[in-house]
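Input: a single structure, listed below in structure tokens.
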């Protein structure tokens, strides 16, 4: 069984350069847009060994 955090990391890794995505959009891609806070909780868990994850492309909301 794949951990939720790994699913989040996979989506974040797939964000193209120059693009952004919201926490809610990631949660929606995983099946429940109401879990945006969980996504926000998962991202700070990125370790030094997972530097290839472009976490800075994830934002709170789009204007």
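Numbering (UniProt numbering), first residue to last: 1 to 63.
Glycine included, each C-beta is placed from N, C-alpha and C at the ideal position.
Check: Pick from 31, 16, 27: whose alpha carbon is nearest that of residue 43?
Finding: 27
Check: Could you check where the alpha helix (DSSP H) with residue 6 kicks off and where it finishes?
Finding: 4 to 13
Next item on the list: Determine the DSSP secondary structure at residue 26, reduced to helix, strand or coil.
Entry: helix
Note to self: Is it buried or exposed, residue 35, if we count other Cβ atoms within 10 angstroms and call 16 or more buried?
What the structure shows: buried
Next item on the list: With a cut-off of 8 Å on the beta carbons, I'd call residue 23 and residue 58 a contact; round off their distance for me.
Entry: 6 Å
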